[in-house]
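Residue numbers (the working numbering), protein chains in the order written: chain A, 1 to 391; chain B, 1 to 1099.
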């Protein structure tokens, strides 16, 4: 939820002009009540919007008729009609975010960051609210002190004769007031310290925010990798059925479309590069794409002849390699050398590297590279690629 | 103006001293004018000779040159003597040595009297002038027979059509005043005239010339027609001076040429002496004869049988010897032939072969992409440095011309050749040096050529697949194959004249096969038909000489073929080395694909389990002609087990040819035998003897053909391999042994098991060979066409989903979508046999145990295993019937069930029957089969004695091993043709009825099977009852009785239909082609097929 809160923070940020107005129309009383609600909500674990901006929003009175056209336009564009609408919008966004975060598999991390964020913001709100209360009290005390001074003066000049008991009472009241002022000064000192503490916490919050952002990035990467794996398995599955293009497999998958396209784009780019080089017979382009040449290891050949179910292993060779290793998107892919791809037109060896899909084409074509991983200097096929071959 | 033009001018436009008009008067000395040729006549006509009263001193005599030489000889103080004698010396050298230098000399007689009357306005007057001014004949060397003045007849001498002078009655020879061009090989003629020759002559030539001069000198002095003694003596003295200059006075016996110059007459003697040139005395040893070693010991068809002379103009520098001293061949020196190959060939072309550096080195160096692009070649290792083109390493080809193969082996070249990279301002260059061994030279002669590394010479295409078989020295082998991919672009192999070429083409793939009799150690590469260089192949490893004779047992099976080898230390399985070597580092997958598809792979897989190998052949690249036997390799070759799981199901793969399509047997067995032979040769063996088995189920014709095939193979193998090849003499009937006997030999001989009262069952893929032994003697043998494929494979084929269930999905992915196609796949059995071979053990020890536990029992598996048990049980029932029949014939001494030795590839399915995954003594299956056999025999002895089953632990090895095992010497008549099968069930053939215990003896007059049926299924029904009873009696819970698999009552209609279908297949077959099958086995096949069908339908 921390992510959701931050998102709200961004989404509901007010224009500067509006912020000024907001400050002008702030009502300490309403603020107090809203802060209280927020705190309560926070303590009870409700997912209410608790950002400072939301609080600010909720205190904005109806926009005066004198507002400028620009600010009006901005208001119409950026703001909901009223706090409840804003809350609804926020809730909707939160919901979307929650769905997304669930889908992307980072729920736990989001929960953790939410809890940190919530408590921080609750503290901020609480401190902010305490500040307003303090100033109100000081103002009230000073007002009372002034009244008392005035009453004392009146008593001394026009009613000296009214009795000693009244003077005694006033003196006692004055002492009380002085004590109260002293107490208020102490509170002010504490408040100052608290403010300093809040400033530190705000800095900490910013740090946490960047950490959370980084965490989100990592989660997104992991998410894409998972999507890639799923897409590959989907591709294999589909190949065995009707072997649609990997693109179709991607679309059918239940993953968010934008993330699917990320992996697909990487592979599409790789395949396109390969096909262009193949079409032009550009060996140097192919060499530039790849880092190493690979061949199936002798022991893997031996396993294959026994129809072993073990993944195929390949080794780097200096010359005569049949497959080329290409690194893309922090993953390693395997494509056939041109001659090998051409030979697939007539012979489709089942060696645990590529599946074959029959299409109405004249020569074999790469559809999807095989994926490999480094296993102690050897390369193990983790996902078989796909080659289109003539029907 | 060229030299030729000058000479033409001189001939046609004589130069004369300048005269005042008209012709008289003198002129300044040395002032000459060009005139027309006819002026000779004009001048001659205008001359007035008043011999008696006056002398004409102002004009030179036309004989003056001859007279000057005379003066030089006789007058030691003559002013130009030295120059003149040098010219005479040089001209005599030419006349003496023309033959040794390889030239030709002619002579033309000029008689002045013949020309004085010539109407030609130039010739006539000039001749008359010469005639009239002829010198006196008094001081001549010789007289003419007719007494005329010797000066009247002279002979103009020409060498290679170049006039060199004429004969002189005074000095023997008058050299031409001017030589328009140098005479080839005679550098002393290079200055436009003759000069001192000594410095240009080799020692041999000097001696020959000196000897010749000595000979002429002597002959002049004693010539019968000698005229002036002083002149002769003076000339002899001059010759002595020449001889002294040549050899310091040393003379030997002159050796003169056998040929004479035409037109030089025998008389006068002095003139005749010029007709025979010097031939040279003792020949100087050639310094330029190449020393051929390997190719001389074992020449190739193109290896020259004449001396090969290296002719390199740079020899003097490299050897530090004068060209005159470098004898090329016989009298020819480098000097004398002028470094000209053509001249040396003209001289000795019939005797020698001439080689120049240009004949050895290619003009350009061609490059292959990548470092170390060649395999099994020493070339890459020889290169000092790393040639690079455009930042990428390249591999050069050996830039030697193809003729080098005729002279040197690759092994010699590997020692003689060095390649070093040199970096120059212009880029990289490769310096190729060849050290050529020369006869009589301690140090080899070095020739070098430097090639720039040029991008334009990079053949930047995929390396072609090139492989060679076998990698054995040709001292031990006679037949080699170079396999190469053929393509329109890039490199390919071309053959030499002694190669034979065959090709194969399949779709876009074209391959070539070159066969030759000598180890192809130098491979000729071409690109677009242009020769590009050689691949020098590493010499084959030396033979191990570990054995002199190999005995090989070959078990040609339906699914697998196996062999055992006895190298002298007893029978043992042996993993074959294919002896194939690739010669390029082509893309490995591509290479593997081509080698598996069209040739032989480099390594046989799996490494630890081959043999046995699949009985499979492929015919890629061959358009099959029905019934035609395809040739090995270009038309058919063994389909070896491959890491490509789809390989065995390829469209041109042929399996099952043990029983059908017999034309494939020959190439399959030939390749296998060649590979085994190549291993034998590599081990140093000189002889291979084959012990071959065959099933007694072969029809008489099949048996005969199979024996004939092996006989022919042995003959062919002998010629191809150079090894003695033959069928093992004591291997059995007709040189071949039945599988049943060979199998029994394994237990009896190799395992030393008792064969006193024993039955052997060899359950193969297609047949089960049964033999009954009593007191080490064969009592009965029969081969029945019911084995592993009937027991398991065909059942599985009916239910592909069950295969997927049994095996890992990865194995069965290929037929996931097309079960109908799978059922029709002719190669399915081979494919599944391979699957079972490698995965049965894992399946039995893991998944099958789970499927068969009571708690987690899988009904489909349970039923399937029970079906297998019924099949095995049927075989045991038939075994019991055989014993019963033998007892009835009173041939069986002990009427008791027999212990059984069982093995073969199909017998491994016995392990499936037990829930533990292992068939052991006293397991449920063992007890069941024991009981079934006893019940079937019906012997009164009942349960006496042991009739347990011993399952072999050497599946598929038994027959091959048994074929070459010696031991207790099992006896009996092993010819299956003399053994007649026992019906087992009533059979009616052409109306003849054979009861279950009868032998099916066909009358000799019966030619064909016209009608065939089983009279009843009584024995089969009895078997079913026995089976179910035995299950119940023994309390077996792990196998189902038949009645639990199907309703017995409704079973028999289907079985009878199956039986009828099987019998119909046998009708209208000639007796000799009829594969005999006992009636009971026919019924058993029908029963198991029906049960399998029901099982497949049920699930």
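Cβ atoms here follow ideal geometry from the backbone N, Cα and C, with glycine treated the same way.
query: Which of helix, strand or coil does DSSP assign to residue 339/B?; result: coil
query: Determine which residues share a DSSP beta bridge with residue 553/B and list them.; result: 564/B and 691/B
query: In the segment 857-906 of chain B, which residue ranges form an unbroken beta strand (DSSP E) of at least 3 residues, counting only runs that do not cross its ends?; result: 900-903
query: Which stretch, first to last residue, makes up the beta strand (DSSP E) that contains residue 379/A?; result: 378-383
query: Taking only beta-carbon positions, decide if residue 359/A is within less than 8 Å of chain B.; result: no
query: Report yes if the C-beta of residue 621/B is less than 7 Å from at least one heavy atom of the ligand FAD; otherwise report no.; result: Summarising the ligand content, the structure contains no ligands, and the ligand FAD is consequently not present.
query: Check the Cβ of residue 292/A against every Cβ in chain B and list those closer than 9 Å, keeping chain order.; result: Within 9 Å Cβ-Cβ: nothing; residue 292/A doesn't reach chain B, min ~14 Å.
query: Just to confirm before moving on: does the CB-CB distance between residue 805/B and residue 796/B stay below 8 Å?; result: no
query: Just checking my contact of residue 897/B with residue 930/B at CB under 8 Å: how many whole Å lie between their CB atoms?; result: 7 Å
query: Classify residue 177/A as helix, strand or coil using the three-state DSSP reduction.; result: helix
query: Using a Cβ cut-off of 7 Å, pull out every chain B residue sitting near residue 295/A, in sequence order please.; result: 588
query: Counting only beta-carbon atoms, is residue 381/A nearer than 8 Å to chain B?; result: no
query: Does the beta carbon of residue 283/A sit closer than 8 Å to a beta carbon anywhere in chain B?; result: yes
query: Per DSSP, what kind of secondary structure is residue 427/B in: helix, strand or coil?; result: strand
query: Taking only the alpha-carbon atoms, compute the straight-line gap between residue 839/B and residue 807/B and give it to the nearest angstrom.; result: 8 Å
query: Give the interface partners of residue 764/B over in chain A, defined as CB-CB distance under 8 Å, in chain order.; result: The premise fails here: residue 764/B is roughly 21 Å from chain A at the closest Cβ pair, so nothing lies under 8 Å.
query: I'd like to know whether the C-beta of residue 52/A is nearer than 8 Å to at least one C-beta of chain B.; result: The predicted model places residue 52/A with a pLDDT of 40, which falls under 50 and marks its position as unreliable, so this point remains unresolved.
query: Comparing C-alpha positions only, which one of 303/B, 787/B, 160/B and 725/B sits nearest to residue 293/B?; result: 303/B
query: Would a check of beta-carbon distances place residue 1152/B closer than 8 Å to chain A?; result: With chain B represented from 1 up to 1099, any question about residue 1152/B goes unanswered, as that position is not in the structure.
query: How about residue 596/B and residue 642/B: are their beta carbons less than 8 Å apart?; result: yes
query: Which value, in whole angstroms, describes the spacing of the CA atoms of residue 193/B and residue 305/B?; result: 42 Å
query: For a contact meaning CB atoms closer than 7 Å, what does residue 288/A contact in chain B?; result: Per Cβ cutoff of 7 Å: no residues; residue 288/A is ~12 Å from chain B at best.
query: Kindly indicate which three-state DSSP category residue 183/B falls into: helix, strand or coil?; result: strand
query: Using 8 Å as the limit for Cβ to Cβ distance, is residue 391/A near chain B?; result: no
query: How long is the line joining the alpha carbons of residue 637/B and residue 521/B, rounded to whole angstroms?; result: 24 Å
query: In angstroms, rounded to a whole number, what distance separates the CA positions of residue 84/A and residue 376/A?; result: Because residue 84/A carries a pLDDT of 45, less than 50, the predicted location of this residue cannot be relied on, and the following value inherits that uncertainty. Cα to Cα, the separation comes out at about 60 Å.
query: Please report the residue range of the alpha helix (DSSP H) in which residue 300/A lies.; result: 298-305
query: Based on DSSP bridge pairs, tell me the residues matched to residue 314/A.; result: 296/A and 379/A
query: Spell out whether any CB of chain B is found under 8 Å from the CB atom of residue 400/A.; result: The shown model of chain A, from 1 to 391, leaves out residue 400/A, and the question about it has no answer.
query: Which full runs of the beta strand (DSSP E) of 3+ residues lie inside the segment 959-993 of chain B, going along the chain?; result: 987-989
query: Beta-carbon of residue 349/A versus every beta-carbon of chain B: anything under 8 Å?; result: yes
query: Taking residue 339/A as the query, report the chain B residues whose CB atoms sit under 7 Å from its CB, ordered along the chain.; result: 462, 587 and 590
query: What does a CB cutoff of less than 8 Å around residue 377/B pick up in its chain, not counting 5 residues either side in sequence?; result: 535, 536, 537, 538 and 583
query: Whole-angstrom Cβ separation of residue 672/B and residue 830/B, contact assumed at under 8 Å?; result: Contact flag wrong, Cβ pair sits at about 16 Å.
query: Under 9 Å between beta-carbons, which chain A residues line up against residue 598/B? List them in chain order, please.; result: None at all; the shortest Cβ gap to chain A is about 11 Å.
query: Helix, strand or coil: which one does DSSP assign to residue 151/B?; result: helix
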